[in-house]
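Numbering (this note's numbering), first residue to last: 3 to 124.
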């Protein structure tokens, strides 16, 4: 009986290690690659942070939280990456990407009035 309890404890420990080690995927995620790095970006007359560092090839999930309802900030555009995403008011909107080349990439509001930089390092 002691062996059964010990075996169950080991099994529970292994399951917990998988859940909390980052190896487990969140619901809705697909594939077997690395989990994306998440960065929250506040939108309120500017992008905060306005400069985001990323690693080449590392999946990235930018969570834009638009605090204002200005038409200017209704979308975020990454011109060089050909990404345009509408931003909801008062909720997070994800923008997911995998940087495939190094360098600096500007992201702007729909009216090109506020800007940020995505800096991809090798």
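Even glycine gets a Cβ: it sits at the ideal position worked out from N, Cα and C.
Beta-bridge partners of residue 43 (DSSP): 66.
For residue 121, the CB contacts under 6 Å within the same chain, skipping 5 residues up- and downstream, are 55 and 106 in chain order. Pairing residue 46 with residue 70 gives a Cβ-Cβ distance under 8 Å.
For residue 96, the secondary structure class from DSSP, reduced to helix, strand or coil, is strand. Here the alpha carbon of residue 72 sits roughly 20 Å from the alpha carbon of residue 97.
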